[in-house]
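Below: one structure, written as structure tokens.
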Amino acid sequence: MNKILEYGSIENIPLYNCSEHSSRKWSKMYGVRHGYLGQFDVAYGTIINIMYLPILSVMFRPEYYKMSCFKIMICLSIVDMLSLCINSIITGVLAMKGAVWCTYPVFNYIVGMIVLGLWCGSCIIVLILVANRLLDLSEHSLGKTLFNGNRTFLVMLAPFFYGLYFIIFTNPVGFNSKYYTWLFNPLITNEKTDQYVNIPHCINNVLIVAITCILYVWLYREVKEKLAAISWKNRRHDLQ
Numbered sequence: 001m002n003k004i005l006e007y008g009s010i011e012n013i014p015l016y017n018c019s020e021h022s023s024r025k026w027s028k029m030y031g032v033r034h035g036y037l038g039q040f041d042v043a044y045g046t047i048i049n050i051m052y053l054p055i056l057s058v059m060f061r062p063e064y065y066k067m068s069c070f071k072i073m074i075c076l077s078i079v080d081m082l083s084l085c086i087n088s089i090i091t092g093v094l095a096m097k098g099a100v101w102c103t104y105p106v107f108n109y110i111v112g113m114i115v116l117g118l119w120c121g122s123c124i125i126v127l128i129l130v131a132n133r134l135l136d137l138s139e140h141s142l143g144k145t146l147f148n149g150n151r152t153f154l155v156m157l158a159p160f161f162y163g164l165y166f167i168i169f170t171n172p173v174g175f176n177s178k179y180y181t182w183l184f185n186p187l188i189t190n191e192k193t194d195q196y197v198n199i200p201h202c203i204n205n206v207l208i209v210a211i212t213c214i215l216y217v218w219l220y221r222e223v224k225e226k227l228a229a230i231s232w233k234n235r236r237h238d239l240q
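Just so you know, UniProt numbering puts the end of the sequence shown at 240, numbered straight through with nothing missing.
Structure below.
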């Protein structure tokens, strides 16, 4: 987004200049129509989002909503639903049209920023959810400090601003029907360049995998200790 402010419009950004051909010609030259696969994606995203609604309604019930983990899962569900609208429904529509970046450059840029922010934000929400479960399971005082009552929503500002950083300050992705994926490189030219590389996104993905593994090993140990304690209590009860 900062580049939009710098150059005045998306069309004026040198890295995303599509003035060489018309939108229709870009699609004809480089796009591939995916009729059935696109329809499947649209149907899949629509069905999953509809299925999310009753699940959300259950999580909003007072007996669940009062628990911090459900507040976090509600936030994650909303982000997932928004992501599905892009990753599945919009992707399907663009695939059916055989679109590439320059078919809809403005739309691609804006949606690409949003979906990148949603992805990176959801990564942090997942880590917060695991940390919440760990603190609750270990009965650590930090759990109440961070997640007691509506403090959970203050914690959820972290993934919001984290995702916002990627929206504003990093390169977006754009859909390419030839490869049926969202790419950082709009493939406007055949020249190889590293100007489209999104280093913060790479760092995010590597760290998320590493931290998730560490947290789940920790979670496994906590669960194992709890189960061992329960088993010991049961054995003592049987002996008595």
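Heads up, the beta-carbon is just placed ideally off N, CA and C, and yes, glycines get one too.
Owing to the predicted nature of the structure, the values given are computational and were not obtained by experimental measurement.
Asked: Length-filtered (4 minimum) alpha helix (DSSP H) runs lying within the stretch 68-105; Found: 68-84 and 91-97
Asked: Coarse secondary structure for Thr170, derived from DSSP in three states; Found: coil
Asked: Proximity of Leu116 and His34 at Cβ, strictly below 8 Å; Found: no
Asked: Simplified DSSP state of Thr181, which is helix, strand or coil; Found: strand
Asked: Reduced DSSP category for Asn176 - H, G, I as helix; E, B as strand; rest coil; Found: strand
Asked: Same chain, Cβ closer than 6 Å to Asn185, five either side skipped, listed in chain order; Found: Tyr196
Asked: Member of Ile110, Met113 and Ser177 whose CA lies at the smallest distance from the CA of Gly38; Found: Ser177
Asked: Whole-number beta carbon distance between Met81 and Asn49, since they are thought to touch under 8 Å; Found: 5 Å
Asked: Where the alpha helix (DSSP H) containing Leu56 begins and where it ends; Found: Gly35 to Met59
Asked: Straight-line gap, Thr181 to Gly174 (C-alpha atoms, nearest Å); Found: 8 Å
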